[in-house]
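In case it helps, full-length UniProt numbering puts the sequence shown at residues 1 to 209.
Reading through the structure tokens given below for one structure.
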Amino acid sequence: AAQEFRRKTTNQVQSLLVVRAYLYLYEYENFQGRRMDLFTECRNLCEKGLEKIGSIRVENGPWVGYEQQNLTGEMFILEKGEYPRWDTWSNSYRCDRIMSVRPVRMDPQDHKICLFECPNFEGRKMEVCDEDIPSLWSYGFQDRVASIQVTGGTWVGYQYPGYRGYQYVLEMGPYKHWNDWGAHQPQIQSIRRVRDMQTHRRGCFEMTA
Numbered sequence: 001a002a003q004e005f006r007r008k009t010t011n012q013v014q015s016l017l018v019v020r021a022y023l024y025l026y027e028y029e030n031f032q033g034r035r036m037d038l039f040t041e042c043r044n045l046c047e048k049g050l051e052k053i054g055s056i057r058v059e060n061g062p063w064v065g066y067e068q069q070n071l072t073g074e075m076f077i078l079e080k081g082e083y084p085r086w087d088t089w090s091n092s093y094r095c096d097r098i099m100s101v102r103p104v105r106m107d108p109q110d111h112k113i114c115l116f117e118c119p120n121f122e123g124r125k126m127e128v129c130d131e132d133i134p135s136l137w138s139y140g141f142q143d144r145v146a147s148i149q150v151t152g153g154t155w156v157g158y159q160y161p162g163y164r165g166y167q168y169v170l171e172m173g174p175y176k177h178w179n180d181w182g183a184h185q186p187q188i189q190s191i192r193r194v195r196d197m198q199t200h201r202r203g204c205f206e207m208t209a
């Protein structure tokens with residue numbers, strides 16, 4: 001009975017974290033022009049009447065924006081705050097377009113992630129608990145990450161050190177191959193937690209051959 005109660009409570013918390021999420025999309029930079037208010041995912045912003053996004057205000061989140069329709073293409077993590085122009089949400093500076101968005105699934109557990117050198121959770125492994133890693137190299141791990149297991153929290157992986165380059169939103173669950181998180185190659189060089197204004201304990205990491 002206690003376990004069932006905990007499961008229901010966890011589901012309620014997760015539902016609340018998604019339902020309460022909302023953001024405002026503006027046609028032009030600096031929050032000018034027409035505005036669209038969103039409370040749930042939108043797979044085609046053009047169909048809603050907004051062909052170009054010039055700025056974004058996230059009132060409650062986080063969200064993830066996508067370069068293409070139907071939640072595909074390059075990802076952009078959108079946490080609570082203001083984004084007055086496209087280069088404030090893009091870390092690759094390659095694309096100024098957002099065509100679809102959705103709320104990020106926030107897991108209430110402590111953050112924990114395992115990075116693997118090879119697909120199917122094989123090869124060298126690096127386990128990270130409640131800590132942001134600006135450079136995998138500085139922690140003795142290579143830049144090749146071919147599979148990932150997220151067992152707690154929500155994370156963002158980045159192509160380059162210092163949270164730069166392509167972004168990959170990593171929600172709870174297994175990723176047996178880099179294609180599973182939307183990458184075209186097994187390259188991640190920095191990772192960080194996605195937090196909803198929560199207080200987290202000091203983190204730790206562990207690496208095995």
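Ideal Cβ positions, reconstructed from N, Cα and C, are used throughout, including at glycine.
Remember, it's a predicted structure, so these values are computed and weren't measured experimentally.
Asked                                                                                             : Found
Own chain, CB closer than 7 Å to THR72, minus 5 neighbours either side, in chain order            : TYR66
Sufficient close CB pairs (3 or more, under 8 Å) joining the region 114-128 to the region 147-159 : yes
For PRO119, the three-state DSSP class (helix, strand or coil)                                    : helix
Residues near ARG57 in its chain [Cβ-Cβ closer than 6 Å; skip 5 each side]                        : TYR24, GLU82
Rounded Cβ spacing between SER100 and ASN44 (contact assumed at less than 8 Å)                    : 6 Å
Contact check, VAL169 vs MET75, beta carbons under 7 Å                                            : yes
Collapsed DSSP secondary structure at ARG192 in the structure displayed                           : strand
CYS42 burial status per 10 Å Cβ neighbour count (16 or more: buried)                              : buried
CB contact below 7 Å: VAL145 versus chain B                                                       : In the displayed structure, chain B is absent; only one protein chain is listed.
Straight-line Cα distance separating HIS184 from CYS95                                            : 16 Å
DSSP state of ASN60 mapped onto helix, strand, coil                                               : strand
Between the CA atoms of LYS48 and SER190 - distance to the nearest angstrom                       : 35 Å
Assigned secondary structure, GLU47 (DSSP; H/G/I helix, E/B strand, else coil)                    : helix
Reduced DSSP secondary structure (H/G/I, E/B, other) of THR88                                     : helix
For LEU71, the residue or residues it bridges with in DSSP                                        : According to DSSP, LEU71 bridges with nothing at all.
From ARG35, THR154, GLY61, residue whose alpha carbon lies closest to that of GLU131              : THR154
TYR26 versus GLY165: straight-line alpha-carbon distance, rounded                                 : 24 Å
Pair within 7 Å by beta-carbon distance, TYR22 and GLU79                                          : no
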